[in-house]
Amino acid sequence: MNDHEPVVDLQLDRAHSSRIYDYFLGGKTNFLADRMAAGSVLGVFPAALVAARINREFMHRATRFLAASGLRQFLDIGTGIPTRPNLHDIAQDVAPDARVVYTDNDPIVLAHAAALLHSTPEGRTAYLQADVTDPEGILGAPRLLDTLDLSRPVALSLNALMHFVTDDGRDRAHGIVETLKSALPSGSVLAMTHATADFDPEAMEQISKIYANAGTGLQFRPRAAFARFFDGWELLDPGVALSHQWRPDRPEDATHVTDAEASCYAAVARKP
């Protein structure tokens, strides 16, 4: 960490999406405001704990698959509070020389970033305090460029992130993802999940209000809008699926929750 980075306000009196997610995953790095918001979400969508877990499991499966397929560079934006196994644990278990850059905008993730930096001797990990709404800042950050070679394929992970980017009538979320995609060379991949209101619109509308009251915008997107994030890239089998149905480790894992309980699309695509 840079000794000259300014002291930041952790804003523990306000709920933050990464700390709410940490609570859903059974973590300990969450505070009263986060737990109150999480409790409100569970009141209208009791499956939130299941949805968070299966979303995390998708990241594990996708990372394992991509590392086994030869990817050695990973950019994980919207990392969240460290919860083992983290992305680098999975990738470096398959490929010890894998390099991983994590980014998040929650200052408390920065406080816990040391847990993200335990790389294998052969590989490397780095953490960047940044916001996905400034993709150029992420792509040009010295810490990223010191760790990843953007002339070689990169696996871009946007896990449960882009539904926190509202379009505001400007198609902002798709523009951000296109900026990130365009900076990556042929052979790169995009692994992404995104919450949807396609299966339980009433509950999702209530969740949007809960997050809005906590100061966080949410925009759930339908299947077609999610698929558009992958425009120009080749979707890998099985294409767009619900998070628990994307290459499950066991066939029964694809049927143990309902579509409405998952309420999250997932896909992986490769740049031609």
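The numbers in the sequence shown follow the numbering used here, run straight up by one, and end at 260. Note that the Cβ used here is the ideal one computed from N, Cα and C, for glycine as well.
Under the three-state reduction of DSSP, which class applies to His244: helix, strand or coil? coil
CA-to-CA distance, Ala185 to Ala35, given in whole angstroms: 14 Å
Residue of Gly14, Thr17, Pro84, Asp22 minimising C-alpha distance to Ala202: Comparing Cα-Cα distances from Ala202 to each of Gly14, Thr17, Pro84, Asp22, the minimum goes to Asp22.
Should His(-8) go down as buried or exposed, given a rule of 16 or more other Cβ atoms within 10 Å for buried? Confidence at His(-8) is low in this model, with a pLDDT of 47, below 50, so its placement is unreliable and the value that follows should be read with caution. Per the 10 Å Cβ criterion, exposed.
Unbroken alpha helix (DSSP H) runs of length 4 or more, entirely within the stretch 191 to 246: which are they? 211 to 216
Distance between beta carbons of Ile8 and Ala25, contact taken as under 8 Å: 6 Å
Could you check what DSSP says for Phe62 in three-state terms: helix, strand or coil? strand
Under 8 Å between C-beta atoms of Met162 and Phe217: As written in the sequence, residue 162 is His, which differs from the Met given in the question. Yes, the pair counts as a contact, with Cβ atoms nearer than the cut-off.
For His182, the three-state DSSP class (helix, strand or coil): strand
Residue ranges of each beta strand (DSSP E) run of no fewer than 3 residues wholly in the stretch 94 to 125, ordered along the chain? 112 to 117
Give the DSSP bridge partners of Thr91, in chain order. Secondary-structure assignment with DSSP links Thr91 through a beta bridge to Ile65, Leu116.
Among Ile164, Leu116, Asp225, Leu30, which has the Cα closest to the Cα of Glu249? Answer by Cα proximity: Leu30.
Looking only at its chain, what residues have a beta carbon closer than 7 Å to the beta carbon of Ala191, apart from the 5 residues adjacent to it on each side? Val32, Phe33
My guess is that Leu178 and Leu136 are in contact by the Cβ rule of under 8 Å, so how many angstroms apart are they, rounded? Actually they are not in contact, since the Cβ atoms of Leu178 and Leu136 sit about 15 Å apart, beyond 8 Å.
Looking only at its chain, what residues have a beta carbon closer than 6 Å to the beta carbon of Thr51, apart from the 5 residues adjacent to it on each side? Within the same chain, and ignoring the five residues on either side of Thr51 in sequence, the residues whose Cβ sits closer than 6 Å to its Cβ are Leu75, Ile78, Ala79.
Own chain, CB closer than 6 Å to Ala101, minus 5 neighbours either side, in chain order: Tyr115
What's the gap between the Cα of Asp81 and the Cα of Gly157? 42 Å
Which of helix, strand or coil DSSP assigns to Leu146: Three-state DSSP puts Leu146 in a strand.
Pick from Glu222, Leu168, Ser28: whose alpha carbon is nearest that of Leu127? Leu168
In angstroms with no decimal places, state the Cα-to-Cα distance between Arg60 and Gly205. 34 Å
Reducing DSSP to helix, strand and coil, say where Arg258 ends up. strand
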